[in-house]
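Notes follow once the structure below has been shown.
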Amino acid sequence: MDSHGARVDVVVIGAGQAGLAVAHYLRRAGLPSREPGSVATRGGFVVLDDAPAPGGAWRYRWDSLRVQDAHGVHELPGMSMPPLEPDERASVALPRYFAAYERAFELPVIRPVRVGAVRDVGGPGGLLAVETDHGEWLTRAVVNATGTWQKPFWPSLPGCETFAGRQLHTHDFQTAGDFRGRHVVVIGGGTSAVQLLLQIAEITTTTWVTRRRPEFLARSFDEEWGRAVVAAVDARTRAGLPPESVVGVTGLPLTEEFQRGIDCGVLAPLPMFARIVPDGVVWGPRDAPPAPAPAPAHLAAGVLLWATGFRAGLNHLAPLHLRVHGGGIVMDGTQVVADPRLQLVGYGPSASTIGASRGGREAVRNLRRLLPF
Ligand code: FAD
Numbered sequence: 093m094d095s096h097g098a099r100v101d102v103v104v105i106g107a108g109q110a111g112l113a114v115a116h117y118l119r120r121a122g123l124p125s126r127e128p129g130s131v132a133t134r135g136g137f138v139v140l141d142d143a144p145a146p147g148g149a150w151r152y153r154w155d156s157l158r159v160q161d162a163h164g165v166h167e168l169p170g171m172s173m174p175p176l177e178p179d180e181r182a183s184v185a186l187p188r189y190f191a192a193y194e195r196a197f198e199l200p201v202i203r204p205v206r207v208g209a210v211r212d213v214g215g216p217g218g219l220l221a222v223e224t225d226h227g228e229w230l231t232r233a234v235v236n237a238t239g240t241w242q243k244p245f246w247p248s249l250p251g252c253e254t255f256a257g258r259q260l261h262t263h264d265f266q267t268a269g270d271f272r273g274r275h276v277v278v279i280g281g282g283t284s285a286v287q288l289l290l291q292i293a294e295i296t297t298t299t300w301v302t303r304r305r306p307e308f309l310a311r312s313f314d315e316e317w318g319r320a321v322v323a324a325v326d327a328r329t330r331a332g333l334p335p336e337s338v339v340g341v342t343g344l345p346l347t348e349e350f351q352r353g354i355d356c357g358v359l360a361p362l363p364m365f366a367r368i369v370p371d372g373v374v375w376g377p378r379d380a381p382p383a384p385a386p387a388p389a390h391l392a393a394g395v396l397l398w399a400t401g402f403r404a405g406l407n408h409l410a411p412l413h414l415r416v417h418g419g420g421i422v423m424d425g426t427q428v429v430a431d432p433r434l435q436l437v438g439y440g441p442s443a444s445t446i447g448a449s450r451g452g453r454e455a456v457r458n459l460r461r462l463l464p465f
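Here this note's numbering is used: the first residue of the sequence shown is 93, the next is one more, and so on.
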């Protein structure tokens with residue numbers, strides 16, 4: 093495929109939950125889709141996705157993540173999710189639904205196409221060039237929906253490179269069986285850390301380490317809670333700060349499973365250690381935590397599992413210089429304040445399956461104001 097010079101009204105980057113929702117609303121608004129090969133045509137929209145098949149980040153979730161562990165997965169707009177077996181792998185069940193969705197709405201997803209850079213080629217109000225490994229698209233607007241999966245976050249700690257055991261991020265976790273016979277330190281205070289600790293503790297010994305003491309809240313995640321999260325993250329992105337993790341804003345819901353983990357001592361967090369040494373981790377005198385769970389000065393470990401989250405994958409937008417002093421991008425909902433030709437969906441307050449669907453609708457509404465169609 094060579095689409096060099098293809099010109100469209102909108103390029104959507106990414107075909108996960110956010111990108112597909114945007115594509116759905118663009119289609120509903122009457123914007124024609126541009127199929128691969130329609131190079132000579134002008135106008136319309138395409139979705140460029142670097143994955144080999146549908147499913148967004150769900151394709152890559154670890155095998156032990158079952159449908160029942162994926163909580164509150166919201167359906168894509170306009171098509172109900174078929175009943176899923178709670179025991180089925182999320183990495184199989186959700187991509188199947190996404191594939192059916194792309195087919196049902198005949199969405200113009202072109203894959204695998206990796207976007208390397210987006211550049212301004214036409215001054216304010218002019219065109220953007222979307223550079224890919226399959227040529228260049230010229231467009232009047234870009235909706236970025238590239239998610240976070242490709243940017244796992246590893247905090248940097250002294251001694252990191254000296255560790256003789258295995259270090260990995262949740263991004264690369266496969267199965268707890270890989271750790272048999274080794275002591276595993278899980279670092280991170282989010283849902284992934286907690287879910288993985290409970291699995292790994294069935295196979296081997298574990299220690300949980302968090303920067304902030306996790307707060308378990310005895311209520312289920314409801315609409316009011318969801319609204320509070322969105323409002324808190326929205327306030328950060330409006331101020332140009334990097335979006336925070338949902339758990340950082342809300343705490344963890346205390347499910348029966350998590351309560352059992354607390355009761356049996358698996359979910360007993362220690363504070364963050366100060367250093368990594370070849371055979372484990374070390375706390376400094378000032379990190380010593382208060383009771384009830386005092387940290388040892390040195391803990392021998394064979395595995396460090398970093399469940400420290402992900403960051404927005406936006407490197408390809410760097411040529412547009414959108415980041416401000418606070419480290420984030422100043423947003424008004426899904427719209428980049430500095431350049432209304434750009435919408436970010438799945439970023440900040442829309443970084444959830446429900447948020448992605450809502451964000452898709454908002455982005456298309458904004459684009460219709462910018463380029464009437
Ligand atoms: P993604 O699904 O990551 O899709 C992005 C797409 O863009 C991918 O197809 C990728 O290949 C493509 N792409 C990326 N970069 C480029 C590029 N440069 N060029 C071209 N294509 C590119 N949310 C929930 O609401 N409920 C849950 O239960 C839940 N569980 C989660 C569990 C884990 C372990 C994690 C990490 C997240 C979870 N989330 C959950 C958050 C969830 O991932 C998001 O809500 C949602 O799935 C993200 O959708 P997205 O479309 O923004 O990103």
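Just so you know, even glycine gets a beta-carbon here, dropped at the ideal spot from N, CA and C.
Cβ of arginine 206 versus every heavy atom of the ligand FAD: is any distance shorter than 8 Å?
-> yes
Use the C-beta contact count for valine 102: other C-beta atoms within 10 angstroms, 16 or more gives buried, fewer gives exposed.
-> Within 10 angstroms of the beta-carbon of valine 102 lie 16 or more other beta-carbons, which makes it buried.
Apart from the five residues just before and just after phenylalanine 255, which ones in its own chain have a Cβ nearer than 7 Å to its Cβ?
-> Ile368, Pro370 and Leu396
Cutoff 7 Å; reference valine 100; Cβ partners in own chain excluding five residues on either side | Arg126, Gly135, Gly136, Phe137, Val138, Trp229 and Thr231
Simplified DSSP assignment, three categories, for aspartate 225 = strand
Expressed to the nearest angstrom, what Euclidean distance is found between the alpha-carbon atoms of serine 284 and arginine 403?
-> Approximately 15 Å, taken between the alpha carbons.
Using only alpha-carbon positions, find the residue among Gly425, Leu220, Ala448 and His390 that is nearest to asparagine 70.
-> Nothing in the structure corresponds to residue 70, since the chain is present only between 93 and 465.
Are three or more beta carbon pairs between the region 328–335 and the region 303–316 nearer than 8 Å?
-> no
Check proline 441 in the structure and name its three-state DSSP category.
-> helix
Does DSSP put glycine 269 in a helix, a strand or coil?
-> helix
Secondary structure at histidine 408, three-state DSSP: helix, strand or coil?
-> helix
Using CA coordinates, which residue listed in Thr299, Leu409, Glu180 and Gly148 is at the minimum distance from serine 444?
-> Ranking the options by Cα distance to serine 444, first place goes to Gly148.
Pick from Gly447, Ala448, Arg433 and Ser248 that is closest to proline 464, judged by C-alpha positions | Arg433
For valine 496, the first and last residue of its enclosing beta strand (DSSP E) = In this structure the chain extends from 93 to 465, so residue 496 is not present and cannot be described.
As assigned by DSSP and simplified to three states, the class of proline 204 | coil
Excluding five sequence neighbours on each side, which residues of the same chain lie with their C-beta closer than 6 Å to the C-beta of glycine 129?
-> Bear in mind that a pLDDT of 49 at glycine 129, under 50, signals an unreliable position, so the number given afterwards is only what the model happens to contain. If we look at glycine 129 and ignore the five residues flanking it on each side, it has no Cβ neighbours.
Jot down the residue ranges of each uninterrupted beta strand (DSSP E) in the region 271–315, minimum 3 residues, whole runs only, in chain order.
-> 276–279 and 298–302
Consider the C-beta atom of leucine 140 and the heavy atoms of the ligand FAD; say whether any pair is separated by less than 8 Å.
-> yes
Identified DSSP bridge partners for leucine 434 = The partner list for leucine 434 (beta bridge, DSSP) reads Val234.
Bridge partners - alanine 392, DSSP secondary structure assignment = Gly372
Could you spell out the range, first to last residue, of the alpha helix (DSSP H) harbouring phenylalanine 190?
-> 182–196
Please indicate yes or no: does the CB of alanine 143 lie closer than 8 Å to some heavy atom of the ligand FAD?
-> yes
Taking DSSP as the reference, what is the three-state secondary structure of proline 363?
-> strand
Could you tell me the distance, in whole angstroms, from the CA atom of glutamate 454 to the CA atom of threonine 267?
-> 38 Å
Pull up the DSSP beta-bridge partners for arginine 158, would you.
-> Paired residues: Arg181.
Is isoleucine 105 near the ligand FAD, with its Cβ less than 8 Å from a heavy atom?
-> yes
Following the continuous beta strand (DSSP E) through alanine 137, name the residue where it begins and the one where it ends.
-> A quick correction: the sequence has phenylalanine, not alanine, at residue 137. Per DSSP, phenylalanine 137 belongs to the beta strand (DSSP E) from 137–140.
In whole angstroms, what is the alpha-carbon distance linking histidine 158 and arginine 203?
-> The residue asked about is misnamed: residue 158 is arginine in this sequence, not histidine. Arginine 158 and arginine 203: Cα-Cα distance of roughly 26 Å.
Could you round the C-beta distance between glycine 282 and alanine 399 to whole angstroms and report it? I think they count as a contact, below 8 Å.
-> 6 Å
So, using beta-carbon positions, are histidine 116 and phenylalanine 190 closer together than 9 Å?
-> For histidine 116 and phenylalanine 190, no; Cβs fall outside 9 Å.
Kindly list the residues whose CB is nearer than 7 Å to the CB of glutamine 427, restricted to its own chain and excluding five residues on each side of it in sequence; keep chain order.
-> Gln435 and Asn458
Between the Cα of aspartate 212 and the Cα atoms of His408, Ile446 and Asp225, which residue gives the shortest distance?
-> His408
My understanding is that threonine 471 touches leucine 391, with C-beta atoms under 8 Å, so please give their C-beta distance in whole angstroms.
-> The chain is shown from 93 up to 465; residue 471 falls before or after that span and cannot be answered.
Could you check the C-alpha separation between glutamine 109 and glutamate 316 for me, to the nearest Å?
-> Rounded to whole angstroms, glutamine 109 to glutamate 316 spans 23 Å at the Cα level.
Using a Cβ-Cβ cut-off of 7 Å (strictly less than) and excluding sequence neighbours within five positions of valine 374, which residues of its own chain qualify?
-> Phe365, Ala366, Arg367, Ala389 and His390
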